[in-house]
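Structure record follows, encoded as C-alpha cells.
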Amino acid sequence: MYHLTNEVASELKKVTWPTAKEVRTATTVVIVMAVLSAIILGLFDLVWSNLTELVYG
Numbered sequence: 013m014y015h016l017t018n019e020v021a022s023e024l025k026k027v028t029w030p031t032a033k034e035v036r037t038a039t040t041v042v043i044v045m046a047v048l049s050a051i052i053l054g055l056f057d058l059v060w061s062n063l064t065e066l067v068y069g
C-alpha cells in the first residue's frame, strides 16, 4: 500500500495543473455552451410542438 501511495504522489507531481484563469475560462465556456444548448433545444421543442399542433390540431 505504501508503494502505491508513493507512485500516486509521484504521478501527481508530474501533472500540469491549470491556472485559476484557465479554470475560470473553461468554466465560463461550459456554462455558456450549456445555456446556448438549452435555448436551442427549447426553440426546437417550441417549433416542433407548433408544427404538431398544426398537423393534428
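FYI, our numbering numbers position 7 of the sequence shown as 19, with every residue one higher than the one before it. Glycine residues also receive a C-beta, built at the ideal position from the N, C-alpha and C atoms.
Backbone secondary structure at Thr31 - three-state DSSP
The residue labelled residue 31 in the question sits at position 19 within the sequence shown. In the structure shown, Thr31 sits in coil (DSSP, three-state: anything other than H, G, I, E or B).
Where Val47 and Thr39 are concerned, what is the direct C-alpha to C-alpha distance, given to the nearest angstrom?
The count along the sequence shown starts at 1 and reaches residue 47 at position 35. The count along the sequence shown starts at 1 and reaches residue 39 at position 27. For Val47 and Thr39, the distance between alpha carbons rounds to 12 Å.
What number of angstroms, rounded off, separates the C-alpha of Gly69 from the C-alpha of Val27?
If you number the sequence shown from 1, residue 69 lands on position 57. If you number the sequence shown from 1, residue 27 lands on position 15. Spanning the alpha carbons of Gly69 and Val27 requires a straight line of approximately 59 Å.
Suppose you measure from the CA of Ser61 to the CA of Gly54; what does that come to, to the nearest Å?
Here the question's residue 61 lines up with position 49 in the sequence shown. Here the question's residue 54 lines up with position 42 in the sequence shown. Gly54 has its alpha-carbon roughly 10 Å from the corresponding atom of Ser61.
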